[in-house]
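Here is the structure we will look at, set down as structure tokens.
Protein chains: 2
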Amino acid sequence: MARLVECIPNFSCSKEKDEATYNALVETAKSVPGCTLFDAQTDGNHNRCVFTLIGSPEAIEEVAFQLTKVATERIDMNHHKGEHKRMGATDVIPLVPQSKDVTVEECVEMSKRLGQRIWDELKVPSFLYEDSATRPERRNLATCRKGEFEGMPEKLLQPDWAPDFGERKIHPTAGIVAIGARMPLVAFNVNLATSDVEIAKKIAKVIRGSSGGFRSCKAMGFMMEDRGIAQVSMNMVNYEDTPLYVAYEMIKALAERYGTYVLDSEIVGLTPAKAMIDCAEFYLKARDFDCHNQIMEYHLLDMQG
Amino acid sequence: MARLVECIPNFSCSKEKDEATYNALVETAKSVPGCTLFDAQTDGNHNRCVFTLIGSPEAIEEVAFQLTKVATERIDMNHHKGEHKRMGATDVIPLVPQSKDVTVEECVEMSKRLGQRIWDELKVPSFLYEDSATRPERRNLATCRKGEFEGMPEKLLQPDWAPDFGERKIHPTAGIVAIGARMPLVAFNVNLATSDVEIAKKIAKVIRGSSGGFRSCKAMGFMMEDRGIAQVSMNMVNYEDTPLYVAYEMIKALAERYGTYVLDSEIVGLTPAKAMIDCAEFYLKARDFDCHNQIMEYHLLDMQG
Numbered sequence: 044m045a046r047l048v049e050c051i052p053n054f055s056c057s058k059e060k061d062e063a064t065y066n067a068l069v070e071t072a073k074s075v076p077g078c079t080l081f082d083a084q085t086d087g088n089h090n091r092c093v094f095t096l097i098g099s100p101e102a103i104e105e106v107a108f109q110l111t112k113v114a115t116e117r118i119d120m121n122h123h124k125g126e127h128k129r130m131g132a133t134d135v136i137p138l139v140p141q142s143k144d145v146t147v148e149e150c151v152e153m154s155k156r157l158g159q160r161i162w163d164e165l166k167v168p169s170f171l172y173e174d175s176a177t178r179p180e181r182r183n184l185a186t187c188r189k190g191e192f193e194g195m196p197e198k199l200l201q202p203d204w205a206p207d208f209g210e211r212k213i214h215p216t217a218g219i220v221a222i223g224a225r226m227p228l229v230a231f232n233v234n235l236a237t238s239d240v241e242i243a244k245k246i247a248k249v250i251r252g253s254s255g256g257f258r259s260c261k262a263m264g265f266m267m268e269d270r271g272i273a274q275v276s277m278n279m280v281n282y283e284d285t286p287l288y289v290a291y292e293m294i295k296a297l298a299e300r301y302g303t304y305v306l307d308s309e310i311v312g313l314t315p316a317k318a319m320i321d322c323a324e325f326y327l328k329a330r331d332f333d334c335h336n337q338i339m340e341y342h343l344l345d346m347q348g
Numbered sequence: 044m045a046r047l048v049e050c051i052p053n054f055s056c057s058k059e060k061d062e063a064t065y066n067a068l069v070e071t072a073k074s075v076p077g078c079t080l081f082d083a084q085t086d087g088n089h090n091r092c093v094f095t096l097i098g099s100p101e102a103i104e105e106v107a108f109q110l111t112k113v114a115t116e117r118i119d120m121n122h123h124k125g126e127h128k129r130m131g132a133t134d135v136i137p138l139v140p141q142s143k144d145v146t147v148e149e150c151v152e153m154s155k156r157l158g159q160r161i162w163d164e165l166k167v168p169s170f171l172y173e174d175s176a177t178r179p180e181r182r183n184l185a186t187c188r189k190g191e192f193e194g195m196p197e198k199l200l201q202p203d204w205a206p207d208f209g210e211r212k213i214h215p216t217a218g219i220v221a222i223g224a225r226m227p228l229v230a231f232n233v234n235l236a237t238s239d240v241e242i243a244k245k246i247a248k249v250i251r252g253s254s255g256g257f258r259s260c261k262a263m264g265f266m267m268e269d270r271g272i273a274q275v276s277m278n279m280v281n282y283e284d285t286p287l288y289v290a291y292e293m294i295k296a297l298a299e300r301y302g303t304y305v306l307d308s309e310i311v312g313l314t315p316a317k318a319m320i321d322c323a324e325f326y327l328k329a330r331d332f333d334c335h336n337q338i339m340e341y342h343l344l345d346m347q348g
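Protein chains in written order, with my numbering: chain A, 44 to 348; chain B, 44 to 348.
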């Protein structure tokens, strides 16, 4: 199988506000052999664009650097306005293993080499976040980004907030970047047969890791206005650590305890096949199932790799 | 995505009994660009070998013909002995769609072109079976093969048994071949918490298509001597027609009716990811899930194709 890493860099630039820079980033994303620009999204209100790149670890490491170089040269954060929180021209570089023989640990090593190179060659400092984090409070991107570009010069002088790479001051125009490895994330929402949003909020509190629930589950309770029902909205940040069926079964039990039931669920966007296949294995009680050897598509990927 | 068809031709030849012919077949299997010899199994007792090839529809059609040519030239069925039932040097050529954009119908067309060419160029007649069958009783390979090589000359003279391609007489040394398209088959066994094999047999009878159950489910009740439990052993011949969870849930209900329950299950060998993902979708009640667009691996296959 081809060894594959996904990179989803976010830049403080939009096609709507600065088409030339956006195009330069797209061109750069397409210029490195061994990786593919899978998707490019731009949002004028956020004044931000998000690329999805997939390729070999080596190609991804190279394209992430080259993109950061272009963003550093072309984007001036002193003039950036947008609804989305941001702290740098290249705001965040997530690295995600996407084939069975690439580990999160390998992506952590990539993030560290990238941070070093971005400092050495571009003089842009960085925080390591998620699984690359060097201290617990840096796992969370929002915590790293708090204060945004404008507040960073002061934040970097605080005892706990020296960058992981670089000096205690931002790049004058490109700010600072967060780089981190993580497992593929599955956005998984479970809808309840009730209009009482408090039930969804209570359930979310029980199941999310931050309040004592499942370690790799982030959850919030919402009202879905269009359907008039309450929803437990989750980010499953490591589906091997906390499988989807574990969260689902717990929600089912808690819904019953509050006098309601699960109406249906939603998988939002992309998911690795294994996050779903693990559920089939659980519900069918499949004994000794060897996902990587028994699923045809993994062999097809092997053949083509 | 690469358009992929799987072909699993069976030849009346084994490495153990005729290594030169076996090697010639392996060489031929590897000689056609655009397809890969994924697996080659040989059985001396059966005096038979089974190849698994995956490639583009065009490459698979070509390699299937070239293999049949070699088998026709080198194997004399008048001297073939083996435990497995057989009617030809090339005994059977199954064609299976293995990517989302290849249909069974397309494989049916392939099987017909192959049958015509094998008759035109090699003078080997053929039956079309499974989804390629031209009459209901020919769907079943065992029915087509009944009488084997030795009984075929007489069988072909019966009113109902003219070959689909070729005249009413076998090739003098290569016999006759069955060619057919089918969906990928999933071997799925469900184990019961009972040593009473009669319960497994009763359940099998209810769920299998041939006795009024699910159309694309073949089922038998067995005793698993090593574990001392009864098993419902199934071939799911079209997992979109009869999904795995449908068979599983029905077995669960019937087991309860007979005072027992499902202990566990087994998926034997390869399965397409979708057969499992459809189960996850069912058990998680996933609303509007679009398997081909939301599963990362399908996109990875697209990218590499």
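C-beta atoms are modelled at their ideal positions from N, C-alpha and C, and glycine is treated no differently.
Buried versus exposed call for residue i [16 or more other C-beta atoms within 10 Å across all chains shown]
i        : result
B/Glu241 : exposed
B/Lys73  : exposed
B/Pro52  : buried
B/Asn336 : exposed
B/Gln201 : exposed
B/Ser238 : exposed
B/Val311 : exposed
A/Ser308 : buried
A/Asn66  : exposed
B/Gly271 : exposed
Minimum Cβ-Cβ distance from residue i to chain B less than 7 Å
i        : result
A/Tyr291 : yes
A/Arg258 : no
A/Ser308 : yes
A/Ile246 : no
A/Phe332 : yes
A/Leu138 : no
A/Leu343 : yes
A/Arg340 : For the record, residue 340 of chain A in the displayed sequence is Glu; it is not Arg. Taking Cβ atoms only, chain B reaches closer than 7 Å to A/Glu340, which makes this a yes.
Closest Cα partner of residue i within the set the options
i        : options                                : result
B/Gly194 : B/Met130, B/Ala296, B/Val311, B/Gly223 : B/Met130
A/Pro168 : A/Ala323, A/Lys112, A/Ile246, A/Glu152 : A/Lys112
A/Glu299 : A/Thr285, A/Leu235, A/Gln109           : A/Leu235
B/Glu116 : B/Pro140, B/Val151, B/Thr79, B/Ile161  : B/Ile161
A/Glu191 : A/Arg258, A/Ile246, A/Gly125, A/Met279 : A/Gly125
A/Cys260 : A/Gly158, A/Lys212, A/Ile246           : A/Ile246
B/His89  : B/Met263, B/Val289, B/Asp61, B/Glu210  : B/Asp61
A/Asn278 : A/His123, A/Ala318, A/Arg181           : A/Ala318
A/Glu173 : A/Ile136, A/Lys58, A/Ile118            : A/Ile136
A/Asp207 : A/Lys155, A/Ala224, A/Arg270           : A/Lys155
B/Ser55  : B/Pro196, B/Gly218, B/Gly271           : B/Gly218
B/Thr177 : B/Ala205, B/Asp321, B/Leu199           : B/Ala205
Residue i: first and last residue of the uninterrupted alpha helix (DSSP H) it sits in
i        : result
A/Asp163 : 147-165
B/Arg188 : 184-188
B/Val93  : Run containing B/Val93: none in the alpha helix (DSSP H); it sits in the beta strand (DSSP E), 91-98.
B/Gln337 : 334-337
B/Ala298 : 287-300
A/Cys322 : 316-326
B/Ile250 : 240-250
is_contact[residue i, chain A] using C-beta, thresh 7 Å
i        : result
B/Phe192 : no
B/Gln337 : yes
B/Lys328 : yes
B/Ala102 : no
B/Thr79  : yes
B/Pro315 : yes
B/Ala323 : yes
B/Met346 : yes
B/Met319 : yes
Close-in-space but distant-in-sequence residues of the same chain around residue i (CB under 7 Å, 5 per side omitted)
i        : result
B/Pro100 : Arg46, Val48, Val145, Glu149, Met153
A/Gly256 : Val249, Ile250
A/Val76  : The residue asked about is misnamed: residue 76 of chain A is Pro in this sequence, not Val. The answer, listed in chain order, is Ala102.
Extent of the continuous beta strand (DSSP E) run through residue i
i        : result
A/Glu173 : 169-173
A/Ile136 : 133-140
B/Val276 : Rather than Val, the amino acid found at residue 276 of chain B in this sequence is Ser. Unbroken beta strand (DSSP E) run through B/Ser276: 272-279.
A/Met226 : Unbroken run through A/Met226: none, as it is neither H nor E.
B/Leu80  : 78-86
Spatial neighbours of residue i in its chain, beta-carbon cut-off 6 Å, leaving aside the 5 residues before and after
i        : result
B/Cys50  : Leu96, Ile103, Ala107, Leu138
A/Phe265 : Gln274, Ser276
B/Pro227 : Val139, Pro315
Cβ shell of residue i (< 8 Å), same chain only, five flanking positions each side left out
i        : result
A/Leu80  : Val69, Ala72, Lys73, Phe94, Thr95, Leu96
A/Gly350 : There is no way to answer for residue 350 of chain A, as the model of chain A reaches only from 44 to 348.
B/Val147 : Pro140, Asp174, Ala224, Arg225, Met226
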